[in-house]
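Shown next, in structure tokens, is the structure this report addresses.
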Amino acid sequence: MDFIAQQQAFMDHIRDPERHPEPPGMESRRLAIYRRLFFNNVEGFLASAFPVLKSLYDQPQWQALVRRFYADHDCKSPLFLEISQEFLDYLDSPAFRARPCDPLFIKELAHYEWLELAAGRAEEEGALLDALTGASPLRRSAASQLAAYHWPVHQIGPDFVPQSPGQALVFLLVYRDLDDTMGFSALNPALAQALEWIGQQPGLTPSALAQAMAAQFPAMTQEQLLAGLLAGLTPLAQRGVLRLAEN
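Once you know that position 70 of the sequence shown is 70 in full-length UniProt numbering, the rest is easy, because the numbers rise by one and skip nothing.
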């Protein structure tokens, strides 16, 4: 067996010893150490990244899920910090085959937990808003993530495991505030739409947003829409989620 083939046989065995036997010429005791070391590292990263998801399983179920990811998913990134993103990719791939113990909302819950990691790692040093007015040009902080879910993922835990999705989409904003504390806000559809537009078009003002949203809310005047937007956006500006869009 040449060197490349030997390395491949080693990695195949380390990732999936049930389907790939020990490579010839390697000590079983040393291989067992490598198997535990690599698997425990991956399991530790996933447990840290997805604590709520892990809490919904007993230990054998959780370890079996991690082991299938470890064995069946070909990671594109060599960085341990990217393992959480690779796990999301695995859940969206044909390689993932749901078991009876896997919750129906596994993909959405994992994505929600990943948002906290993404927002927590983002760098943001942009200018803050002294005061939010209708003429303030806005942009969303890089340390914020906006998403919509069919399941109430922000409420799920060992004491609340829903069996069916909600009747309406759940809009959530996950962010890191000025004190480097992670937080989230459940949003109404109008505020979520405004934040989505700000993310797509930095520099939009609350007045421009109110004008653009007038067609969607014909029962409200533009002045009412602006007042509602300022009321919803001001707390986010105070936390550093919304910042001054600079030219």
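Note that the Cβ used here is the ideal one computed from N, Cα and C, for glycine as well.
In this text, all values refer to a predicted model and were calculated from it rather than measured experimentally.
Here's a check: name, in chain order, each residue in its chain whose Cβ is nearer than 7 Å to the Cβ of residue 270, leaving out the five neighbours to either side.
Residue 270 falls outside the range modelled here, since the chain spans only 1 to 247, and no answer is possible.
Going by DSSP, name the residue or residues bridged to Q145.
V174
With DSSP as the reference, label A231 as helix, strand or coil.
helix
With distances taken Cα to Cα, identify the nearest neighbour of D159 among L37, P202 and V52.
Nearest option by C-alpha distance: V52.
Shortest alpha-carbon distance to F184 belongs to which of S48, S55 and W114?
W114
Name the DSSP beta bridge partners of S185, please?
L173
Closest by C-alpha distance to Q145, when choosing among P60, E196 and L169
Selected option, being the one with the closest Cα: E196.
Going along the chain, which residues of its own chain have a beta-carbon closer than 6 Å to the beta-carbon of P202, five neighbours each way excluded?
Close CB contacts of P202 within its chain, under the 6 Å cut and outside five residues either way in sequence, are with R139 and A245 (chain order).
Report the CB separation of A127 from R243 in whole angstroms; it is logged as a contact under 8 Å.
6 Å
Classify P206: buried if its beta carbon has 16 or more other beta carbons within 10 angstroms, exposed otherwise.
By the 10 Å Cβ count, P206 comes out buried.
Can you tell me the Cα-Cα spacing of R68 and G44, whole angstroms?
15 Å
Taking 8 Å as the CB-CB limit, is H150 close to chain C?
Here there is only one protein chain, and chain C is not present.
Quick check on G199: does DSSP put it in helix, strand or coil?
helix
Apply the 10 Å Cβ neighbour rule to A186 and answer buried if 16 or more other Cβ atoms are within range, or exposed otherwise.
exposed
R140 by DSSP, collapsed to three states: which one?
strand
Would DSSP call F69 helix, strand or coil?
helix
Run of the alpha helix (DSSP H) containing R36, from where it starts to where it stops:
R36 -> alpha helix (DSSP H) spans S28 to A49.
Quick check on DSSP: helix, strand or coil for R243?
DSSP places R243 in strand when its eight states are reduced to three.
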